[in-house]
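For what it's worth, numbering that gives the first Met the number 0 labels the leading residue of the sequence shown as 0, then goes sequentially. All residues carry an ideal CB built from backbone N, CA and C; glycine is no exception. Keep in mind it's a predicted model, so treat the numbers as computed, not measured.
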Amino acid sequence: MQNVAVEPVLAGERVPGLAEVVWDNARQDPEAVQFVRPDPDPRSWPVSRGRRAGTALVSCVAFRDDVHALARGFIAAGVQHGDRVALISRTRYEWTLVDYALWAIGAVTVPIYDTASTDQIEWILTDSGAVGCVVETAGHAATVTGLRERAPALRRTWQIDAGGLIDVAAQGRTVPDSDAETRRGRVSGADVATIVYTSGTTGRPKGCVLTHRNIFCDVTAAVSVLPRLLHAGASTVLFLPLAHAFARLIQVGAVQTRATLVHSADIAGVLEQLRRHRPTFILAVPRVFEKMYHRARQKAEDAHRGWLFTAAEQVAVRYSCALDRTGGPGILLRAAHALLDLLAYRKLRAALGGRCRMAIVGGAPLGARLGHFFRGAGVTVLEGYGLTETSPALTANRPEAQRIGTVGRPLPGVRIRVADDGEIQAHGEVVFAGYWNNADATRATFTDGGWLRTGDLGSLDPDGFVRITGRKKEVIVTAAGKNVAPAPIEDAVRAHPLVSQCMLVGDGRPYVAALVTIDPPAWQRWRARAGRSDASLADLRDDPRLRAEIQQAMDRANRTVSKAEQIKTFRILPRDLTEADGELTPTLKVRRDVVADRYASDIDALYRGH
0 MQNVAVEPVL AGERVPGLAE VVWDNARQDP EAVQFVRPDP DPRSWPVSRG RRAGTALVSC
60 VAFRDDVHAL ARGFIAAGVQ HGDRVALISR TRYEWTLVDY ALWAIGAVTV PIYDTASTDQ
120 IEWILTDSGA VGCVVETAGH AATVTGLRER APALRRTWQI DAGGLIDVAA QGRTVPDSDA
180 ETRRGRVSGA DVATIVYTSG TTGRPKGCVL THRNIFCDVT AAVSVLPRLL HAGASTVLFL
240 PLAHAFARLI QVGAVQTRAT LVHSADIAGV LEQLRRHRPT FILAVPRVFE KMYHRARQKA
300 EDAHRGWLFT AAEQVAVRYS CALDRTGGPG ILLRAAHALL DLLAYRKLRA ALGGRCRMAI
360 VGGAPLGARL GHFFRGAGVT VLEGYGLTET SPALTANRPE AQRIGTVGRP LPGVRIRVAD
420 DGEIQAHGEV VFAGYWNNAD ATRATFTDGG WLRTGDLGSL DPDGFVRITG RKKEVIVTAA
480 GKNVAPAPIE DAVRAHPLVS QCMLVGDGRP YVAALVTIDP PAWQRWRARA GRSDASLADL
540 RDDPRLRAEI QQAMDRANRT VSKAEQIKTF RILPRDLTEA DGELTPTLKV RRDVVADRYA
600 SDIDALYRGH
């Protein structure tokens with residue numbers, strides 16, 4: 000059994016409540032800009048004193064005052080130490096404010112995705128026993144109000160867009176400052192900070208119970224190995240949902256290091272936010288980088304410069320690969336790279352604001368192809384790995400120790416081992432104690448020796464770098480008994496600019512096949528070139544010309560695997576998969592059981608006659 004461990008940064012030391020650093024920052028550097036609020040609405044929360052080009056600047060001392068005011072308000076509303084309060088909102092300043100205000104009084108934040116269905120919201124409210132719920136919109140408020148009878152513990156709902164937080168803070172003026180200080184002083188590392196319900200690709204969400212110590216140890220470890228990213232003076236635009244543990248890690252890391260955080264609720268407009276705020280680093284899920292790659296490629300082709308993009312891609316990948324070899328890139332490769340930096344790479348970096356030279360990616364495998372392309376273009380994408388159950392980070396590549404195609408080495412305080420069946424297992428203070436109200440699931444997720452079963456398959460190389468190859472529950476076993484991990488093949492298929500999603504099927508079937516969706520912007524261009532601008536994808540999904548292009552993606556992917564793992568045939572679906580239809584998780588991973596059920600007839604068609 001492979002095993003690797005890294006010594007912890009905190010070894011048995013006392014850990015404060017997560018909100019304590021807000022007061023520390025206000026004392027140590029009161030005027031440092033902690034947050035930038037783009038176009039803030041003063042009706043949701045008062046605009047802070049600082050201003051800059053249509054934005055509000057929130058200093059460390061202003062954030063401390065905001066947290067203190069709202070914490071007093073929650074005390075006035077009857078929120079007790081250990082009470083659960085749900086939070087349904089897009090990524091915005093008020094999300095972070097509510098989080099820290101609840102932590103400051105020992106309450107527990109229960110995040111809910113703003114895209115969650117009514118059934119999901121009902122389950123989380125009732126299972127967590129939430130006594131209150133902060134919502135963003137009138138639609139959210141109406142949904143929660145309609146669930147009151149089925150969530151008996153729920154007493155109050157506060158709507159951000161209707162000034163609900165301002166009202167709470169106003170009520171808190173009757174609460175003495177000393178009461179709030181006493182409540183904050185009672186919070187310890189052992190207290191529960193949050194219950195995060197896994198979005199999951201299958202089954203009902205389970206509530207991961209994370210303590211202040213879990214999160215504090217994880218963030219401290221991440222900061223210790225990524226000081227070039229998270230530090231005072233650094234900045235990022237956060238556009239992932241804060242209900243996801245990955246984005247939450249960056250939120251807490253930014254506050255802990257006094258880095259500047261810009262919230263961006265609209266992922267569709269994130270490129271404008273990046274150009275406007277010029278972050279020093281970003282974080283994203285792999286799908287974001289795939290879309291950036293395809294957008295750059297298509298833009299070049301539309302300008303009849305596809306040849307330039309092809310050359311730039313080849314040189315970027317060769318240059319990045321050469322960085323890992325003794326001696327590095329040769330003189331001719333360096334010269335070609337310098338020329339293409341002038342012609343192509345700097346434009347890609349300009350789309351990220353011009354200052355961003357590093358990015359963190361998590362939530363799903365990135366793939367070596369994109370990792371080398373972006374590093375060769377001057378943006379080092381550091382891939383990491385973790386689970387909601389691990390607060391969430393377990394491993395990370397580092398700028399000075401990166402191995403593309405892996406998820407890096409374990410963070411300080413983390414032990415990783417690979418079981419005999421190939422499952423990655425983890426141990427350390429970042430690992431949660433269990434699921435809320437679900438002792439059976441908790442027992443099932445730990446070994447007898449207390450190791451967390453991650454459900455992921457992978458390996459450790461001699462230098463301690465972890466490589467993830469797939470999910471145990473997603474492995475396809477064909478009728479011939481061949482085990483196929485779908486993720487690497489699916490990644491290779493998605494390299495084609497027309498492909499949006501690819502899902503392998505074949506469990507218990509004679510061979511591996513695939514369901515494919517077409518990228519909507521790429522589809523508009525393709526049908527215009529084909530002279531069928533009036534036709535829908537449903538009309539043309541069996542068009543020989545379209546299938547020929549997708550077959551090229553299949554052929555390329557098939558060259559990377561053994562014959563038994565190759566995709567024998569495919570079916571183009573009539574539309575792209577969406578989160579709104581329940582087919583994707585909030586981090587854009589395919590919900591395989593939903594898609595398999597919804598498109599069962601398409602899957603059957605792939606095996607007709609066999």
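For residue i, three-class secondary structure by DSSP
| i | result |
| --- | --- |
| Asp659 | No information on residue 659 is available, as it lies outside the stretch 0 to 609 that the chain covers here. |
| Cys501 | strand |
| Thr200 | Only weak support exists for where Thr200 lies, its pLDDT of 49 falling under 50; the value from the coordinates is given anyway. Of the three classes helix, strand and coil, the one that applies to Thr200 here is coil, per DSSP. |
| Cys207 | strand |
| Asp575 | coil |
| Pro7 | coil |
| Gly128 | coil |
| Tyr598 | coil |
| Tyr292 | helix |
| Ser187 | strand |
| Glu564 | helix |
| Thr136 | coil |
| Val649 | There is no way to answer for residue 649, as the model of the chain reaches only from 0 to 609. |
| Gly404 | coil |
| Leu229 | coil |
| Tyr606 | coil |
Residue(s) in a DSSP beta bridge with residue i
| i | result |
| --- | --- |
| Ile74 | In DSSP, Ile74 forms no bridge with anything. |
| Gln424 | Arg416, Arg452 |
| Cys320 | Looking at the DSSP assignment, Cys320 forms no beta bridge with any residue, so it has no partner. |
| His262 | Leu237 |
| Asn482 | Val476 |
| Phe464 | None; Phe464 has no bridge partner. |
| Arg558 | For Arg558, which the question treats as bridged, DSSP gives no partner whatsoever. |
| Val614 | The structure shown does not extend to residue 614, since the chain spans only 0 to 609, so no value can be given for it. |
| Gly469 | Leu456 |
| Pro409 | Thr394 |
Distance cut-off 7 Å: residue i Cβ against heavy atoms of the ligand GTP
| i | result |
| --- | --- |
| Gln170 | Ligands in the displayed structure: none, and consequently the ligand GTP is not present. |
Bounding residues of the beta strand (DSSP E) (the contiguous stretch that carries residue i)
| i | result |
| --- | --- |
| Ala55 | 54-58 |
| Val35 | 32-37 |
| Leu331 | Counting along the chain, Leu331 falls outside any beta strand (DSSP E), though it belongs to the alpha helix (DSSP H) covering 330-339. |
| Asn87 | First, the residue type needs correcting, since residue 87 is Ile and not Asn in the sequence shown. Start and end: 83-87. |
| Val109 | 107-111 |
| Leu381 | 379-385 |
| Ala440 | Element bounds for Ala440: not the beta strand (DSSP E) but the alpha helix (DSSP H), 438-444. |
Closest residue to residue i among the options (Cα-Cα distance)
| i | options | result |
| --- | --- | --- |
| Ala231 | Phe34, Ile475, Gly448 | Phe34 |
| Gly272 | Ile214, Arg36, Thr156 | The identity of residue 272 in the sequence shown is Gln, whereas the question assumes Gly. Checking every option, the nearest Cα to that of Gln272 belongs to Arg36. |
| Pro364 | Leu545, Phe288, Val251, His67 | Phe288 |
| Ala25 | Asp82, Ala61, Val46 | Ala61 |
| Arg203 | Glu121, Arg466, Asp301, Ile87 | Glu121 |
| Thr577 | Thr516, Ile488, Trp522 | Thr516 |
| Pro663 | Ile415, Arg296, Arg172, Val3 | In this structure the chain extends from 0 to 609, so residue 663 is not present and cannot be described. |
| Glu399 | Lys298, Leu225, Ile602 | Leu225 |
| Val314 | Leu339, Ala299, Met291 | Leu339 |
| Pro110 | Leu241, Trp102, Ala267, Gln523 | Leu241 |
| Asp265 | Leu209, Val236, Thr144 | Val236 |
| Ile571 | Arg470, Gln500, Ser263 | Gln500 |
| Arg528 | Arg275, Gly327, Glu300 | Glu300 |
| Asp447 | His426, Leu456, Trp306, Asp490 | His426 |
| Thr279 | Phe308, Ala103, Thr379 | Thr379 |
| Asn396 | Ala220, Arg555, Leu503, Leu351 | Ala220 |
| Gly72 | Gln119, Pro175, Glu30 | Pro175 |
Extent of the continuous alpha helix (DSSP H) run through residue i
| i | result |
| --- | --- |
| Trp157 | That residue, Trp157, is in no alpha helix (DSSP H); its beta strand (DSSP E) goes 155-158. |
| Thr95 | 92-103 |
| Ala244 | 244-256 |
| Val284 | Note, Val284: premise wrong, no alpha helix (DSSP H); not H, not E. |
| Ile165 | 163-170 |
| Glu19 | 19-27 |
| Val269 | 269-276 |
Cβ of residue i within 8 Å of any chain B Cβ
| i | result |
| --- | --- |
| Asp603 | In the displayed structure, chain B is absent; only one protein chain is listed. |
Sufficient close CB pairs (3 or more, under 8 Å) joining the region 248-259 to the region 284-304: no
Pair every Cβ in the region 56-76 with every Cβ in the region 9-23, then say whether three or more of these pairs are closer than 8 Å. yes
Whether or not the region 187-199 and the region 130-139 are in contact is what I'm after, with contact meaning three or more pairs of Cβ atoms, one per stretch, closer than 8 Å; do they touch? no
Cβ contact (3+ pairs, closer than 8 Å) linking the region 542-555 and the region 494-508: yes
Does the structure place the region 245-253 close enough to the region 458-477 that three or more beta carbon pairs sit under 8 Å? no
Specify whether the region 102-118 and the region 168-177 touch according to this definition: at least 3 beta carbon pairs, one from each stretch, less than 8 Å apart. no
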